[in-house]
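Quick notes on the structure that follows.
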Amino acid sequence: MTVQLSRVLGLLAKFALIKIGGAVLDPIDELALSLSFLYPVGLYPVVLHGAGPQLNQIIEREGGVPDYIDGIRVTDARTLQIARRVFLEENLKPVGALENLGTRARLITSGVFTADYLDKEKYGLVGKITKIDKRPLEASIRAGALSILTSLAESPDGQILNVNADITARELAKELEPLKIVFLNEKGGLFYGEYDQLMKEPWVKHGTKLKLREFKELLDHLSRSSSVAVISAAMLLFTDSRAGTLIRRGYKLFKHGSIESLVIHDRDPEVLSGFQSVTGVLTDMKSTPYTIYGDEPLDVVTVVAHPVGETPVLTKLLPSRAGVPNNVMYNVWSAIRNDHRRLLWTAQADDENRGWHFERADGSFTRAGKSLFWYGVQDAAEVERIVREFEEKGRIRGSTEPPRPPAPVSTEIKRVGLTGARGYTGQALTILLSLHPYLELSHVSSRQPAGRPLPGYTKLPATYSNLLEADVDAWVMALPHGAGHPFVWAVDRGVEQRAGGKQTGSVVVDLSADYRFQKNWTYGLPAKRISSPGCYATSAQMLIAPLVQHLAPGVLPTVFGVSGYSGAGTCAKVSPESLAAGIRPYADGAHPRLIRSSLFIPSVGPWFSGIISTASIPPAKRWMRREFHLQGALRCIEGKHTWSVGGFQTSHTGDRVVIFGGAGEDIHDREDEEVEGPAAGAPSVGAVAGEFRAALNTLFPTLSEKQPWDLFCINPNESQLPN
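Under mature numbering (1 follows the signal peptide of the UniProt record, and there is no 0), the letters of the sequence shown match residues -23 to -1, 1 to 700, in that order.
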């Protein structure tokens, strides 16, 4: 029994040491809730608190001035008298709050820390801890209570000494050897950085500098599995989930220009695959000036080639399995960024860490299974020149994509299931599928009404029915936002049951916003789960796409859109009377999340259906109005399923280009609304497309005549795209 109890005490003592800043003690309820959560699951952290802000307030109220040297409070007899009273009052706060929540807590004000004078002449009654008695803590844990400590200590002759709470936490952690040390403060964290760099920052001074110094000394003493977390009270239980600041003892980084200590053969993918020998790699490195970056255990090794007068190239990036999750790559990359304002590098397109590359690059392109990344190079022409120069000099191995045969045209009949066929989108899809020679509707479902014939579909007799597990090649979900999840689940389950647990087969296309932000749902083939970006986003893309390569770097376009009040269903969410011939911004629904992603600004207008979008685009160079001017016609989209573009204008300074685009959604046979046809004399869709092409030719005469601008004026109700 004694052995088992000692094991329990050891595990509990190694859970965590929590140091609470004095500023956190005022909003005590949130802190008490977090600590009380640990109690029912059998975890008893040791809590140590300071009271610096409260002590300063009393000293200033009594006419004194708090005095610090190197972040340590100078303590005379009067200050110590106030400190004893303040520590007792502040100690009672967490104890009382925990007891009110049913969590046992024990106030321990003395008997734990023994200290000598730190420097009596310099600091006064300030102590340096020489001994820690763990017995009061063990007794508290044995009684099922949380230990609440202050940072007051006693000298061997009984003199009470004030000890900085951060220093006390360091000494207590050395004795208890906890797996985690948590520092709670009102800020909730520190900026990321290496110790030496942080200590040089101008904002690191007084208490902050002392804390960092104590953290380093503490982690130097403990094992590498220990860590220090700086966090707010609200996030106490989530210290390793990207809240606050987690501090670990790492390894020193190195940087040098020789290859003697570089590990190549056991990590380089080109060596492992047999594409290059170790000798070949070393020979290539010697052919140009280079710098090697890495850390002491070689969790990450990188090589940057930097010929004089040319853009540096990251030729080798060799992380170990431990290098990525432990942020070693981040530290090495920071060292590279400090030395090189611009850089190019390549990675395999299927690299398991490709997300890391995209996050750190200003731009990229992929060819023949390999991606080129760069930062610091903003001009597209310069990127092309640098890449061509690298290929000629051999510093980036050139590759050519093998010719591909044209994609075969399939004439096999495919079966489509349509859920939500009664809405406007469903009705439009029904008409399109009826005209398609190789697509058949096998299932049609709607909230209303089973067994009735499907209007608009003329190929075969089709009726509304419930969702069945038949062989269907593709399912289209034309449902309201939030209604598609059970239908997708039913399709997935049916497919898995027929395939013996393997989810293969049917394509699912969701036209709502339910899956728009899920990573496994994309917009394109050959994906099996496809989510439409939506009408607003599509209109915004088509406005911006032809000018992407001419955008000003670092500045986002702005797209303002106004849509009709009908939505995609048959029941309008907003009445025209409530709009009163004005517009209303979106406050809820599917679009606010898109708005937060800085995609566009949507509003509701007083017409029934259709979207008008206006894009304000910052160009990389100034454009004069005479270079970029086209009058567009708004009514050319009215009464049509089409998207048109026009209304080109520039600001008088040439630093903004404004483009208008409109999408018309003509639904026939509506009983509640009559669609007015296009006005006489309005330009046709093809005319607008021709004007758009002419404007682009004027702006960009170097563009190829084969550039497919036709996609910017699409009419799906016609058999072919306009010329």
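Even for Gly, the Cβ is constructed at its ideal location relative to N, Cα and C.
These numbers come from a predicted model, not from an experiment.
The continuous stretches of alpha helix (DSSP H) do not include arginine 83, which lies in the beta strand (DSSP E) extending over residues 82 to 85.
Between leucine 488 and threonine 402, the gap from beta carbon to beta carbon is short of 8 Å. In this structure, DSSP gives alanine 460 a state outside helix and strand, which the three-state scheme calls coil. In this structure, the CA atom of proline 266 is about 21 Å from the CA atom of leucine 349. Taking a C-beta distance under 8 Å as the contact criterion, lysine 111 and glutamate 152 qualify as a contact pair. The alpha carbon of arginine 337 has as its nearest neighbour, out of Leu409, Asn308, His283, the alpha carbon of Asn308. In the structure shown, the three-state DSSP call for threonine 127 is coil.
By DSSP's assignment, threonine 268 forms a beta bridge with Val281. Taking 8 Å as the upper bound for CB-CB distance, valine 63 and alanine 28 are in contact here, some 5 Å apart.
Across the structure, leucine 32 and isoleucine 59 are spaced so that their CA atoms are roughly 7 Å apart. Taking the Cβ atoms as the reference, glycine 353 lies roughly 50 Å from leucine 395, outside the contact range of under 8 Å.
For the options Arg314, Ile36, Val465, Arg506, the alpha carbon positioned closest to that of threonine 268 is the one of Arg314. Under the DSSP assignment, phenylalanine 64 falls in the alpha helix (DSSP H) whose first and last residues are 54 to 77. For proline 296 and valine 305, the gap between their C-alpha atoms comes out near 9 Å. Serine 11 has its alpha-carbon roughly 17 Å from the corresponding atom of arginine 83.
Using a Cβ-Cβ distance cut-off of 8 Å, the segment 41 to 55 and the segment 111 to 129 are not in contact, since fewer than three pairs of beta carbons, one from each stretch, lie closer than that value. Of the other Cβ atoms in all chains shown, 16 or more fall within 10 Å of the Cβ of glutamine 404; this residue is therefore buried.
Put simply, the backbone Cα of isoleucine 144 is about 17 Å away from that of lysine 99. In the displayed model, lysine 111 falls within coil according to three-state DSSP, outside both helix and strand. Boundaries around threonine 515 are those of the alpha helix (DSSP H), 512 to 521, since no beta strand (DSSP E) includes it. Put simply, of Asn141, Pro133, Arg506 the residue whose alpha carbon is nearest the alpha carbon of isoleucine -4 is Asn141. In this structure, Thr343 is the residue among Leu129, Asp316, Thr343, Val634 with its C-alpha nearest to the C-alpha of alanine 324. Classified as exposed, histidine 413 has fewer than 16 neighbouring CB atoms from the shown chains inside 10 Å of its CB.
Here the alpha carbon of histidine 462 sits roughly 16 Å from the alpha carbon of serine 483.
Shown here, leucine 95 sits in coil according to DSSP, grouped into three states, outside any helix or strand. Between the C-alpha atoms of leucine 456 and serine 590 there is a straight-line separation of about 24 Å. Leucine 161 sits away from leucine 123, with the two beta carbons spaced by 8 Å or more. Spatial neighbours of aspartate 93 in its own chain (CB-CB distance under 7 Å, excluding positions within 5 residues in sequence) are listed in chain order as Gly104, Lys105, Thr107, Ser132. For threonine 499, no beta strand (DSSP E) encloses it, and the DSSP letter there is neither H nor E. In the three-state scheme derived from DSSP, where H, G and I count as helix and E and B as strand, asparagine 308 is classed as helix.
In the displayed model, serine 132 falls within coil according to three-state DSSP, outside both helix and strand.
Within the same chain, Cβ atoms closer than 8 Å to the Cβ of glycine 538 are found at Tyr513, Ser516, Ala517, Phe577, Ile578, Pro579, Ser580, Ile588, Ile589, Ser590, Thr591, the five residues on either side in sequence being excluded. Straight through space, the alpha carbons of alanine 146 and valine 89 are spaced by roughly 12 Å. The alpha-carbon of isoleucine 137 is positioned some 14 Å away from that of leucine 65. With contacts defined by Cβ atoms closer than 8 Å, proline 71 and isoleucine 35 do not form a contacting pair.
Just so you know, the alpha carbons of proline 284 and lysine 505 end up roughly 47 Å apart.
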